[in-house]
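Protein chains in written order, with this note's numbering: chain U, 14 to 491; chain Z, 421 to 769.
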């Protein structure tokens, strides 16, 4: 492979966006989780919920800050590295992306400050309203990003004039064919990511404090874990159904991507459900495969003899790389079914009343902490690699979308991003880990007068020092 | 009307004008509000007495991230409304924009982590200073490259990676550093007390002199760029309308100098904003209606009428609310920063 500006720009985009998506995937779910906690506090008056809110809002603040910082880079990369893409799609995607910017801008400017710092100033009801608005803002932000990305997968509502896409019908552009299910799939993915992160972190805190911890600390972790697992138990099956429906959309609109996901070379009925395979792109066949006969056709068409498209339906230069698509998809699905297993296991333990004491389960839940992040990332790998060699499916090739920049310039920027992200996000993750080590505060540790006196910045919510023992408070030097 | 874009009618004529105005406001807002907090960062290294650095940081702490969101609005707005300009300018400015973004990341994160650190404080101090310095320098270079103009084929950039790098763009980069330093210094005059205020006043006077020199140097250099910008200024009757601009600029600079000597607190900052706005106006007059200098106009680079209208709905709702909220945030954090900064508080009186 030659390392030209195209491949380097693709690596840079993949690197920066994969890094970025981790944080929104977490904060979209956390914002709604915080709204749920606050709702319970207002409903029941149980201070446990307020303490949990004040703990998880710190985690939210750090993640949100890192998400914003890594997000600024994205809005400029469409131009710096993909200017031919910007030229072709600007009339259509420019406004859609702008709406995302406006939404995020509005959210950050108006409600985040109140949510993070204003509880004592504005009172319970207005604060709850602000929390709900932040949650709504994250969902709206995801709405526009998913709409833009879905348009690139299933473009609609446009015409091509003078070598550029021009808008014809904004409703069809925004609500393009793949958008509704992909949006549902992503939001549910974010919610489950947060569920498993919250459940796993809570399980870790329960494992760390077997006997000697203050009762109230354990109660907080138990309540968090229980709520998160209820959500997961109910919604993992829902997500599997949404994913299946989305798969039908891929079959309809992106048959070649689907063929790569299935490792299916020949158009055929009675396709097996391939569990493992070694695709050979040169020979246009799988050198080895393990599958369940006919089930593949049944899953995709809901009929055993349903016909599934093959990779060989299109010339070689219109096919995506099969290996990464095939295996990314399987990792995502595998993680999904592992989540299903945790959900069912937790139901069983609830019935036995050993949910909080079964150390094997707590360890498994802890190990599943990053499972949602993994599923989101590998799901996106499937979606984005699967639509290659196109950046706008069937219309604009990725190779025709890149900027007229030199390989040297992109190499330099890519290396810089890698170094800077490693440094900055290394510190961010270290700080997040320290927050979690400390865990939620007991009720009487909350000093109400502290809130609302700090600078209005996401990172100022947590007040731990960067160094020193956990919980040690840094003092500005005199 | 202007002799430009006369072949466009109705909305196709007016919408790009409205949008050029809106984006110009967003960029002006950015330059002013992020200008002073970048300026505080530039002065940071020289402020080494006692708790000066802490107090300087506290003075911008509540507002800096709101300030930077204007930059995102500028970038997103350009793609949404003038996508041809976006597609040509971004690759042409690949190096300075990427470096500016990285400097801003560093600075933003340093800002946050500094409050949490003790042993590694020097590291974040340096990250904050160099992040501010380089972000400003590369912004200035972007400005210089913009005035110089770009090689393009009407849709894509056709020049080289380092076309932006010329003696002129280095000059504009340095000019913006001294200009932001002046903004930062007058901000500190307004927001601080005691020896720090006296020091900031001295810095402001120095950087005022440097800014005046820089503005003059840039203005004198422009005719040598071969862009015929000077004919717009010196032809009759334009010169009669435009002559007040440099005269008012000179008066403001004089007034600012005297204010700093007379010990005024608030007005120097606003006079500096006035200087910046006049420079910005001069730039606008020199370049209008080209947003891809030297020869693509806002009408030639505009998105379709439908795209512009669709985006305008969102901007019309959000921009006023953001102005109100920003004004409110500045109102809440008005007044001077306390000399003694205690653990949890802002340090505001």
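Don't be surprised by glycine CBs; every beta carbon is placed ideally from N, CA and C.
- Inter-residue distance for residue 635 (chain Z) and residue 449 (chain Z) is about 20 Å (C-alpha atoms, whole angstroms).
- In this structure, the straight-line span from the alpha carbon of residue 118 (chain U) to that of residue 654 (chain Z) is close to 42 Å.
- Around residue 525 (chain Z), the beta-carbon contacts reaching into chain U at under 9 Å are 82, 83, 85, 86, 433, 434 and 437.
- If you draw a 10 Å sphere on the C-beta of residue 442 (chain U), you find fewer than 16 other C-beta atoms in it, and that means exposed.
- Taking C-beta atoms under 8 Å as the contact rule, residue 728 (chain Z) and residue 435 (chain Z) qualify, at a distance of about 4 Å.
- In the three-state reduction of the DSSP assignment, residue 585 (chain Z) falls in the coil class, being assigned neither a helical nor a strand state.
- Within the region 711-730 of chain Z, those residues whose Cβ lies closer than 7 Å to any Cβ of chain U are, in chain order, 723, 724, 726, 727 and 730.
- DSSP, reduced to helix, strand and coil, places residue 517 (chain Z) within a helical segment of the structure shown.
- Selection U:32, U:448, U:341 and U:45 evaluated against residue 244 (chain U) yields U:45 as nearest (Cα-Cα).
- Residue 81 (chain U) has its alpha-carbon roughly 34 Å from the corresponding atom of residue 613 (chain Z).
- Scanning the region 357-400 of chain U from its first residue to its last, the whole alpha helix (DSSP H) runs of 4-plus residues come out as 372-380 and 384-399.
- With distances taken between CA atoms, residue 208 (chain U) lies nearest to U:40 out of U:16, U:120 and U:40.
- Close partners of residue 597 (chain Z) in chain U (Cβ separation under 7 Å) are lacking, with about 21 Å as the shortest Cβ gap.
- Annotated three-state conformation of residue 179 (chain U) is strand, per DSSP.
- Think of a sphere of 7 Å around the beta carbon of residue 179 (chain U): the chain Z residues whose beta carbon falls inside it are 724, in chain order.
- Here residue 677 (chain Z) has 625 and 628 as same chain residues with Cβ atoms under 8 Å from its own Cβ, once five neighbours each way along the sequence are excluded.
- Where residue 740 (chain Z) is concerned, the enclosing alpha helix (DSSP H) starts and stops at 725-752.
- Note on residue 542 (chain Z): under 16 other CB atoms within 10 angstroms of its CB, so exposed under the neighbour-count rule.
- Residue 38 (chain U) is positioned such that its CB atom lies no closer than 9 Å to that of residue 339 (chain U).
- Here the region 45-60 of chain U makes no contact with the region 459-475 of chain Z; the two share fewer than three CB pairs at distances below 8 Å.
- Boundaries cannot be given for residue 279 (chain U), as no alpha helix (DSSP H) includes it and DSSP labels it neither H nor E.
- Annotation for residue 465 (chain Z): 549 place their beta carbon closer than 6 Å to its own, counting only its chain and skipping 5 residues before and after.
- The criterion of a C-beta distance shorter than 9 Å is not satisfied by residue 561 (chain Z) and residue 89 (chain U).
- About 6 Å separates the beta carbons of residue 400 (chain U) and residue 270 (chain U), which is inside the 8 Å limit, making them a contact pair.
- Listed along chain U, the residues sitting closer than 7 Å to residue 529 (chain Z) by beta-carbon distance are 82 and 437.
- Per DSSP, reduced to three states, the secondary structure at residue 688 (chain Z) is helical.
- In the three-state scheme derived from DSSP, where H, G and I count as helix and E and B as strand, residue 573 (chain Z) is classed as coil.
- When only Cα atoms are considered, residue 296 (chain U) and residue 275 (chain U) end up about 17 Å apart.
- The C-alpha of residue 468 (chain Z) is placed about 16 Å away from the C-alpha of residue 621 (chain Z).
- Under the three-state reduction of DSSP, residue 535 (chain Z) is assigned to coil, being neither helix nor strand.
- Distance from the CA atom of residue 146 (chain U) to the CA atom of residue 43 (chain U), rounded to whole angstroms, is 13 Å.
- Contact between residue 112 (chain U) and residue 157 (chain U) holds, with the beta-carbon distance rounding to 5 Å and staying under 8 Å.
- For the C-beta of residue 429 (chain U), the chain Z residues within less than 7 Å are, from N- to C-terminus, 522.
- The beta carbon of residue 199 (chain U) is closer than 6 Å to those of 159 in its chain, skipping five residues each way along the sequence.
- Within chain Z, the residues placing a beta-carbon under 8 Å from that of residue 417 (chain U) are 511, 576, 577 and 578, ordered along the chain.
- The residue from U:354, U:291, U:289 and U:65 with its alpha-carbon nearest to that of residue 248 (chain U) is U:354.
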